[in-house]
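*Asks:*
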Amino acid sequence: MLFFGRIRELCGLSEESIQTAEGATLEEVFSSYALRFPKLSGFRASLVASCNQEFAAWTTKVTEGDEIAFLPPVSGG
Amino acid sequence: MLFFGRIRELCGLSEESIQTAEGATLEEVFSSYALRFPKLSGFRASLVASCNQEFAAWTTKVTEGDEIAFLPPVSGG
Amino acid sequence: MAKAIEEDKFELVQQPIDAAALIRLVRADLDGAMVTFDGFVRKESHGRQTSYLEYESYAPMALQKMSEIGHLMHQKFAIDRVAIVHRLGRLEIGETSVFIAVSAPHRGPAFDACRFAIDTLKKTVPIWKKEYFADGAVWADGELPPAPPSQKTAS
Amino acid sequence: MAKAIEEDKFELVQQPIDAAALIRLVRADLDGAMVTFDGFVRKESHGRQTSYLEYESYAPMALQKMSEIGHLMHQKFAIDRVAIVHRLGRLEIGETSVFIAVSAPHRGPAFDACRFAIDTLKKTVPIWKKEYFADGAVWADGELPPAPPSQKTAS
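Residue numbers (the numbering used here), protein chains in the order written: chain A, 6 to 82; chain B, 6 to 82; chain C, 88 to 242; chain D, 88 to 242.
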């Protein structure tokens, strides 16, 4: 798991390794973080998930070794 | 009278002073040059007249001291 | 025209962007037109005086997205070379955060491709900006990238 | 935004155009975006290898038309500063014939105004280009300026 921008600040994490249940989706991984960091729930609608450095649907199943992030709205430029 | 681009080359003139009849139009001034330089006639449709450094209609009457030119299609940039 | 991709440049940098060097890289004699976009830190944001900005990125994904933008530019527009460089870290007022240069034989595609590059970068490249004011700091609102496909794609 | 006109620059020059100096002039801290257009001599024209170009102008009228373009840009677009410089005389391959820089608080107007400037310049500014090839020279086809009003206007 990687954390960026306001999500990084909110969770107080830049990066960590996690174990997920077999066949868990990105949505389910997010839910488990929302339990740990209740404020995260309010941001769900504004976040986009990524898996292995590519935007990914929340229904995507994660597998071992995947690099996952919940990306806040981008504001480069 | 000022001459630019292919019109300058065709007439072999950069600049000259002329006398025109009272109330002559730019069209009439052009016609008198077309008599002097017959090849000029073929360019008439591609030329735009200017009077005192502003585009001008061919029906514009010239008065003493006016700065006149017959401008070829512009190709700056 | 898609042949020039190996001469294109996509970079994230911590130091000031050297626009002159990028211009030299992109400008080729076979072209006739170059358009550049320089995005730099404005003195004011939402009516408040900015102190400075901080940019962070998901670097490997950001670079991949920038290079995808370059590929799309070559597909969509008759252009020659592209450079897209974004700076990260702390930026003071007036400093360039993003510089884009596009060369082409004709001006139309150069303008269209440069505009496409910055518009797309602002939507799809994972970079985030925090604005610091005298009395606090906020994350810029930002834009939501387009909805991804509903299934995981092979990548 | 029309206030910055006195800081704008419209020039015809015989020597190489100093793009870096124009960029410094146009780029102000209150902005956040600058778009530049660099038009330079292409190696080929109509499939023939160019040797060099020669530009001539009706200088006082050309400068007036360039400054009119600047005024129109401020009227039509939310921009800050403008520079439009055209070179005259003999130009070698790769040398800049026209350079335009536009700064603005936001990128949209900067792009639109820069594009408007070069498109309008190519239609209304009395400058002519002669292309020299190994085997001869031709005047570029050029564009007819818009039809003038049918009566002489006070100017």
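We put the CB at the ideal spot given by N, CA and C, even for glycine.
This one's a predicted model, so the numbers in the text were calculated from it and none came from an experiment.
So what's residue 162 of chain D in DSSP terms, helix, strand or just coil?
*Replies:* On the fourth sequence, position 75 is the one that residue 162 of chain D refers to. Helix.
*Asks:* Mind listing, in chain order, the continuous beta strand (DSSP E) runs of no fewer than 3 residues lying wholly within the stretch 117 to 203 of chain D?
*Replies:* You should have 120 to 127, 135 to 144, 169 to 174, 176 to 179 and 183 to 191.
*Asks:* Are any of the Cβ atoms in chain A nearer than 9 Å to that of residue 240 of chain C?
*Replies:* For the purposes of this step, residue 240 of chain C is taken as the residue at position 153 of the third sequence. Confidence at residue 240 of chain C is low in this model, with a pLDDT of 45, below 50, so the placement of that residue should be treated as unreliable; the coordinate-derived value is given next. Judged by the 9 Å Cβ criterion, residue 240 of chain C is in contact with chain A.
*Asks:* Output yes if chain D places a C-beta closer than 9 Å to the C-beta of residue 88 of chain C; else output no.
*Replies:* As a first step, residue 88 of chain C must be located in the third sequence, where it is residue number 1. Note on residue 88 of chain C: pLDDT 47, under 50, position unreliable in the model; the coordinate value appears next. So no, residue 88 of chain C is outside the interface.
*Asks:* Look up residue 21 of chain B in the DSSP assignment and say whether it is helix, strand or coil.
*Replies:* Start at 1 with the first residue of the second sequence, and residue 21 of chain B comes out as number 16. Three-state result, residue 21 of chain B: coil.
*Asks:* Evaluate residue 137 of chain C with the Cβ neighbour count: other Cβ atoms within 10 Å of its Cβ, from every protein chain shown; 16 or more gives buried, anything less gives exposed.
*Replies:* Sequence index remark: in the third sequence, residue 137 of chain C carries index 50 (1-based). Looking at its Cβ environment, which holds 16 or more other Cβ atoms inside 10 Å, residue 137 of chain C is buried.
*Asks:* Name the chain C residues whose beta carbon is nearer than 7 Å to that of residue 78 of chain A?
*Replies:* The sequence position of residue 78 of chain A within the first sequence is 73, counting from 1. Chain C residues near residue 78 of chain A: 228, 229, 230 and 231.
*Asks:* For residue 170 of chain C versus residue 186 of chain C, is the C-beta spacing smaller than 9 Å?
*Replies:* Taking the third sequence and counting its residues from 1, the one referred to as residue 170 of chain C is at position 83. Taking the third sequence and counting its residues from 1, the one referred to as residue 186 of chain C is at position 99. Yes, the pair counts as a contact, with Cβ atoms nearer than the cut-off.
*Asks:* Which chain B residues sit within Cβ distance under 8 Å of residue 145 of chain D?
*Replies:* Position 58 of the fourth sequence, counting from 1, holds the residue named residue 145 of chain D. Within 8 Å Cβ-Cβ: 7, 9, 55, 58, 74 and 76.
*Asks:* Which one of C:155, C:184 and C:222 has the shortest CA to CA distance from residue 204 of chain C?
*Replies:* Your numbering for residue 204 of chain C matches position 117 in the third sequence. The option with the nearest alpha carbon to residue 204 of chain C is C:155.
*Asks:* Please list, in chain order, the residues of the stretch 118 to 149 of chain C that have any C-beta partner in chain D closer than 8 Å.
*Replies:* Residues passing the 8 Å Cβ filter: 118, 119, 120, 121, 122, 123, 124, 125, 126, 127, 128, 129, 130 and 131.
*Asks:* Restricting to Cα atoms, I'd like to know which of D:139, D:117, D:180 and D:92 is closest to residue 134 of chain C.
*Replies:* What you label residue 134 of chain C is simply residue 47 of the third sequence in a count that begins at 1. Nearest of D:139, D:117, D:180 and D:92 to residue 134 of chain C, Cα basis: D:117.
*Asks:* Output yes if chain B places a C-beta closer than 9 Å to the C-beta of residue 188 of chain D; else output no.
*Replies:* Indexing the fourth sequence from 1 puts residue 188 of chain D at position 101. False, the Cβ-Cβ gap to chain B never drops below 9 Å.
*Asks:* Beta-carbon within less than 8 Å of residue 13 of chain B's beta-carbon, same chain only, minus the 5 sequence neighbours each way: which residues are those?
*Replies:* Residue 13 of chain B sits at position 8 when you count from the first residue of the second sequence. Correct list, in chain order: 19.
*Asks:* Looking at C-alpha atoms only, which residue of D:99, D:127, D:111 and D:98 is the closest neighbour of residue 111 of chain C?
*Replies:* For the purposes of this step, residue 111 of chain C is taken as the residue at position 24 of the third sequence. Here the closest residue by C-alpha is D:127.
*Asks:* Less than 7 Å between C-beta atoms, sequence neighbours within five positions excluded: which residues of the same chain meet that for residue 197 of chain C?
*Replies:* The residue labelled residue 197 of chain C in the question sits at position 110 within the third sequence. Cβ neighbours of residue 197 of chain C beyond the five flanking positions: 120, 121, 122, 166, 189, 190 and 191.
*Asks:* Name, please, each residue of chain D whose Cβ falls closer than 8 Å to the Cβ of residue 192 of chain C.
*Replies:* In the third sequence, the residue the question calls residue 192 of chain C occupies position 105. Those are 129, listed as they occur along chain D.
*Asks:* Do you know how far the Cα of residue 99 of chain D is from the Cα of residue 178 of chain D?
*Replies:* Mapped onto the fourth sequence, residue 178 of chain D falls at position 91. Mapped onto the fourth sequence, residue 99 of chain D falls at position 12. Roughly 14 Å separates the two Cα atoms.
*Asks:* Assuming residue 78 of chain A and residue 229 of chain C are in contact, meaning their beta carbons sit under 8 Å apart, how far apart are those beta carbons, in whole angstroms?
*Replies:* The residue you call residue 78 of chain A lines up with position 73 of the first sequence. The residue you call residue 229 of chain C lines up with position 142 of the third sequence. That pair is a contact at about 3 Å.
*Asks:* Which same chain residues end up closer than 6 Å to residue 89 of chain D when comparing Cβ atoms and leaving out the 5 residues on each side of it in sequence?
*Replies:* The residue given as residue 89 of chain D occupies position 2 in the fourth sequence. Any reading at residue 89 of chain D needs caution, since the residue's pLDDT is 48, under 50, leaving its predicted position unreliable; the model's value is listed next. Excluding positions up to five away in sequence, the list reads 161.
*Asks:* Just to make sure I have the definition right: I need the residues of chain B whose C-beta is within less than 9 Å of the C-beta of residue 184 of chain D. Which are they?
*Replies:* Taking the fourth sequence and counting its residues from 1, the one referred to as residue 184 of chain D is at position 97. The answer, in chain order, is 81 and 82.
*Asks:* Mark residue 240 of chain D as exposed unless 16 or more other C-beta atoms lie within 10 angstroms of its C-beta, in which case mark it buried.
*Replies:* Indexing the fourth sequence from 1 puts residue 240 of chain D at position 153. Low per-residue confidence applies at residue 240 of chain D: pLDDT is 45, beneath 50, and the placement is therefore not dependable enough to give any value.
*Asks:* In the stretch 26 to 42 of chain A, which residues sit with their C-beta less than 7 Å from some C-beta in chain C, listed in chain order?
*Replies:* Residues: none.
*Asks:* Using a Cβ-Cβ cutoff of less than 7 Å, which residues in the same chain neighbour residue 128 of chain A once the five nearest sequence positions on both sides are dropped?
*Replies:* In the structure displayed, chain A extends from 6 to 82; residue 128 of chain A sits before or after that span and is not available.
*Asks:* Hey, residue 215 of chain D and residue 10 of chain B are a contact pair by Cβ (cut 8 Å); roughly how many whole angstroms apart?
*Replies:* Position 128 of the fourth sequence, counting from 1, holds the residue named residue 215 of chain D. Position 5 of the second sequence, counting from 1, holds the residue named residue 10 of chain B. Right, their Cβ atoms sit about 4 Å apart.
*Asks:* Would you mind giving the Cβ-Cβ distance between residue 218 of chain C and residue 144 of chain C, rounded to the nearest angstrom? I have them listed as a contact below 8 Å.
*Replies:* Counted from its first residue, the third sequence places residue 218 of chain C at position 131. Counted from its first residue, the third sequence places residue 144 of chain C at position 57. 16 Å between Cβ atoms; not a contact.
*Asks:* In the DSSP assignment, the beta strand (DSSP E) including residue 14 of chain B goes from what residue to what residue?
*Replies:* Locating residue 14 of chain B in the second sequence gives position 9, where the first residue counts as 1. Segment 10 to 16 is the alpha helix (DSSP H) holding residue 14 of chain B; no beta strand (DSSP E) there.
*Asks:* Give the secondary structure of residue 88 of chain D by DSSP, where H, G and I count as helix, E and B as strand, and everything else as coil.
*Replies:* If you number the fourth sequence from 1, residue 88 of chain D lands on position 1. With a pLDDT of only 47 at residue 88 of chain D, under the threshold of 50, the placement of this residue in the model should not be trusted, and no figure is reported.
*Asks:* Can you tell me whether residue 35 of chain B is helix, strand or coil according to DSSP?
*Replies:* Taking the second sequence and counting its residues from 1, one reaches residue 35 of chain B at position 30. Three-state DSSP puts residue 35 of chain B in a helix.
*Asks:* Rounded to the nearest angstrom, what separates residue 206 of chain D and residue 49 of chain B at their Cα positions?
*Replies:* Counting from 1 along the fourth sequence, the entry for residue 206 of chain D is found at position 119. Counting from 1 along the second sequence, the entry for residue 49 of chain B is found at position 44. Rounded to the nearest angstrom, the two C-alpha atoms are 25 Å apart.
*Asks:* Are the beta-carbon atoms of residue 212 of chain D and residue 96 of chain D separated by less than 9 Å?
*Replies:* Along the fourth sequence, one-based indexing puts residue 212 of chain D at 125. Along the fourth sequence, one-based indexing puts residue 96 of chain D at 9. Taking 9 Å as the Cβ cut-off, residue 212 of chain D and residue 96 of chain D do not qualify as a contacting pair.
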